[in-house]
């Protein structure tokens with residue numbers, strides 16, 4: 017009889033991944049079902065090394081705290097019966113015993129009727145005494161006597177043995193997360209160490225040929241490994257014992273050896289990168305050989321985070337996070353932290369939530385639950401949630417956001433003005449003292465730096481001049497940086513102001529065409545001639561700016577309706593334009609002179625524009641706004657702006673004399 021071959025239920029390594037995209041809830045449920053229930057290992061730790069750990073067992077108090085009756089004040093140990101009738105008109109004289117009871121000193125003489133013993137705060141109560149009189153309530157009455165003019169009751173200013181903690185009572189329960197207060201309770205009972213849930217040992221590997229560790233020179237087309245550092249820190253924050261093992265190139269044999277070694281020495285393995293279908297992404301293929309049951313989920317209906325890979329290899333969780341920082345960190349906190357905390361014996365996180373309004377429409381992708389990072393600012397009617405909008409590859413999307421909102425998988429957008437529930441990244445959100453929404457400029461950092469040094473929280477959100485004006489009209493910011501030229505009046509900014517807004521002069525900055533030095537298509541030409549030359553060359557690629565930016569309006573006027581190659585590449589900052597040209601992803605674009613100089617690029621001046629601020633009049637008297645206006649007018653800021661290549665405006669709006 018011939019054996020019938022059994023089909024392999026696992027896809028071959030040559031097949032595409034993401035064959036089955038799971039919902040977030042289904043993926044997490046399958047992952048946890050493959051891992052739990054499981055016993056949480058325990059270990060004995062010295063008290064000083066237990067911060068953040070979960071107790072593995074109940075702790076019973078071995079002694080009374082305090083261990084003796086003690087005084088709560090500096091004064092005199094007395095018999096309350098001696099002072100029952102004491103008063104202003106009937107003072108009672110007590111003879112002092114020939115000893116003073118200090119902290120740590122055991123009494124040697126009893127307090128007899130008609131006597132008192134000096135005692136310090138924390139001193140043990142002597143035999144015969146049942147109360148303490150404060151020093152302030154007595155008067156000297158000769159060399160060795162005092163006079164008391166108020167009655168005293170039994171137990172006055174006395175803490176009895178066991179009144180704080182009684183011997184044999186449950187001091188702390190299993191599962192309690194140890195903080196400074198718990199450490200104090202344990203120390204008060206003389207406990208030097210306790211059994212705690214052992215922190216899971218988590219190995220972290222970054223993968224990818226493109227990664228360079230911080231501190232080393234950055235080679236062409238390479239990036240610094242941010243995920244390794246941030247994942248390591250996040251694991252420690254959530255109860256894990258993290259060990260970062262470095263970055264491994266996309267070599268399958270080398271990576272498999274590193275993964276096997278890491279898994280053998282740890283309770284969990286976390287990798288970043290190598291989750292997608294790219295030719296260099298081999299991590300998921302290796303997992304198939306590391307142990308059973310292998311991959312639990314590869315592809316989750318999340319945005320960001322679709323490429324997330326969850327696996328269990330012989331009882332140990334293996335996670336491959338997406339390579340982009342925001343995707344990696346969001347999926348880690350949302351999908352991995354619950355498992356990690358459970359392995360560490362810690363309770364689930366208690367995420368704080370607030371309600372906010374969304375000021376702009378947020379497009380979403382049908383079929384995927386989308387989590388949008390947002391920054392919170394104070395609006396007229398409550399909190400406003402601004403999308404950070406920098407993409408899953410931007411580390412600042414996560415670092416600068418206050419939290420995130422959720423768009424259901426069945427929705428293709430969240431309309432402007434929608435109410436949203438924002439889950440906070442920290443227990444409390446600090447609403448910024450000063451909110452600036454509008455056009456991006458490197459000079460803005462020079463003005464706000466003194467405010468940050470003074471302890472003010474400043475939030476700047478780059479949405480372009482028109483977006484900033486809209487935010488100012490809605491009362492969602494204090495100031496909106498703008499640089500908008502009006503063709504009819506041939507003036508900047510003032511014609512665009514609405515009721516309730518006033519103009520604060522900022523500085524002048526030169527906008528122009530940026531290109532790589534030595535490019536003969538641009539060298540020696542005027543801006544208009546350079547654009548004509550670029551449009552005449554089909555191989556010449558531009559880089560644009562985002563819709564609503566003042567720079568974009570200037571570009572569109574210069575192009576006069578033309579849409580050359582690269583027109584739809586629309587970064588949100590001057591620095592991004594310069595980087596695209598410097599890295600030869602584009603041949604020309606428009607930016608400001610200081611950015612071009614800093615990037616070592618050629619620059620053709622086009623127009624000196626006015627970078628001013630639309631101030632919400634109703635917010636003008638706010639302390640943070642006044643601090644900004646003072647900083648803007650200060651000699652320090654004006655000198656810094658001049659040094660950076662800007663021309664500060666005079667208070668009346670005119671330029672500073674050259």
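Residue numbers (the working numbering): 17 to 674.
Beta carbons are placed, not taken as given, at the ideal position from N, Cα and C, and that holds for glycine.
Cβ-based neighbour list, residue i, same chain, cut-off 6 Å, excluding 5 preceding and 5 following
{"i": "residue 662", "result": "459, 523, 525"}
{"i": "residue 225", "result": "265, 266"}
{"i": "residue 146", "result": "96, 170"}
{"i": "residue 379", "result": "429"}
{"i": "residue 640", "result": "449, 450, 472"}
{"i": "residue 329", "result": "306, 307"}
Same chain, Cβ closer than 7 Å to residue i, five either side skipped, listed in chain order
{"i": "residue 682", "result": "In the structure as shown, the chain starts at 17 and stops at 674, and residue 682 therefore has no counterpart that could be examined."}
{"i": "residue 52", "result": "358"}
{"i": "residue 656", "result": "462"}
{"i": "residue 594", "result": "530, 607, 611, 612, 615, 617"}
{"i": "residue 296", "result": "Note that residue 296 scores a pLDDT of 45, beneath 50, so its modelled location is shaky; the value from the coordinates is reported in the next line. Result list for residue 296: 225, 266, in chain order."}
Residues bridged to residue i [DSSP beta-bridge criterion]
{"i": "residue 269", "result": "Per DSSP, none; premise fails for residue 269."}
{"i": "residue 435", "result": "373"}
{"i": "residue 181", "result": "81"}
{"i": "residue 87", "result": "174"}
{"i": "residue 399", "result": "394"}
{"i": "residue 604", "result": "531, 558"}
{"i": "residue 475", "result": "451"}
{"i": "residue 309", "result": "329"}
{"i": "residue 314", "result": "325"}
{"i": "residue 636", "result": "Note: residue 636 sits in no beta bridge, so no partner."}
{"i": "residue 59", "result": "212"}
{"i": "residue 92", "result": "134, 149"}
Three-state secondary structure (DSSP) of residue i
{"i": "residue 459", "result": "helix"}
{"i": "residue 65", "result": "helix"}
{"i": "residue 46", "result": "helix"}
{"i": "residue 340", "result": "coil"}
{"i": "residue 660", "result": "coil"}
{"i": "residue 223", "result": "strand"}
{"i": "residue 589", "result": "coil"}
{"i": "residue 355", "result": "helix"}
{"i": "residue 467", "result": "helix"}
{"i": "residue 389", "result": "strand"}
{"i": "residue 610", "result": "helix"}
{"i": "residue 676", "result": "What the structure shows of the chain is the stretch from 17 to 674, and residue 676 is not part of that stretch, so it cannot be assessed."}
{"i": "residue 108", "result": "strand"}
{"i": "residue 218", "result": "strand"}
{"i": "residue 36", "result": "coil"}
{"i": "residue 362", "result": "coil"}
Limits of the beta strand (DSSP E) - the one that residue i falls within
{"i": "residue 419", "result": "419-423"}
{"i": "residue 488", "result": "Run containing residue 488: none in the beta strand (DSSP E); it sits in the alpha helix (DSSP H), 481-489."}
{"i": "residue 335", "result": "332-337"}
{"i": "residue 618", "result": "618-632"}
{"i": "residue 154", "result": "154-156"}
{"i": "residue 163", "result": "161-164"}
{"i": "residue 288", "result": "284-288"}
{"i": "residue 566", "result": "Premise fails: residue 566 lies in the alpha helix (DSSP H), 566-575, not in any beta strand (DSSP E)."}
{"i": "residue 211", "result": "209-213"}
{"i": "residue 186", "result": "186-188"}
Spatial neighbours of residue i in its chain, beta-carbon cut-off 8 Å, leaving aside the 5 residues before and after
{"i": "residue 317", "result": "37, 38, 39, 40, 383, 384, 385, 425"}
{"i": "residue 570", "result": "501, 527, 606, 622, 623, 625"}
{"i": "residue 470", "result": "643"}
{"i": "residue 568", "result": "480, 560, 561, 562, 586"}
Opening and closing residue of the alpha helix (DSSP H) in which residue i lies
{"i": "residue 349", "result": "Careful: residue 349 lies outside any alpha helix (DSSP H) and carries neither H nor E."}
{"i": "residue 196", "result": "196-204"}
{"i": "residue 642", "result": "639-649"}
{"i": "residue 299", "result": "299-303"}
{"i": "residue 454", "result": "Where residue 454 is concerned, there is no enclosing alpha helix (DSSP H), although the beta strand (DSSP E) it sits in stretches over 450-454."}
C-beta neighbour in chain D for residue i, strict 8 Å
{"i": "residue 142", "result": "Reference to chain D is not applicable here, since this structure consists of a single protein chain."}
Beta strand (DSSP E) segments (min. 3 residues) lying fully within the segment 119-149 = Here the runs fully enclosed are 131-135.
Which residue spans inside the segment 492-561 form an unbroken alpha helix (DSSP H) run of at least 4?
-> Segments of the alpha helix (DSSP H) lying fully in the segment 492-561: 543-552.
Alpha helix (DSSP H) runs wholly inside the segment 220-262, at least 4 long, in chain order | Taken in chain order, the whole alpha helix (DSSP H) runs of length 4 or more contained in the segment 220-262 are 242-253.
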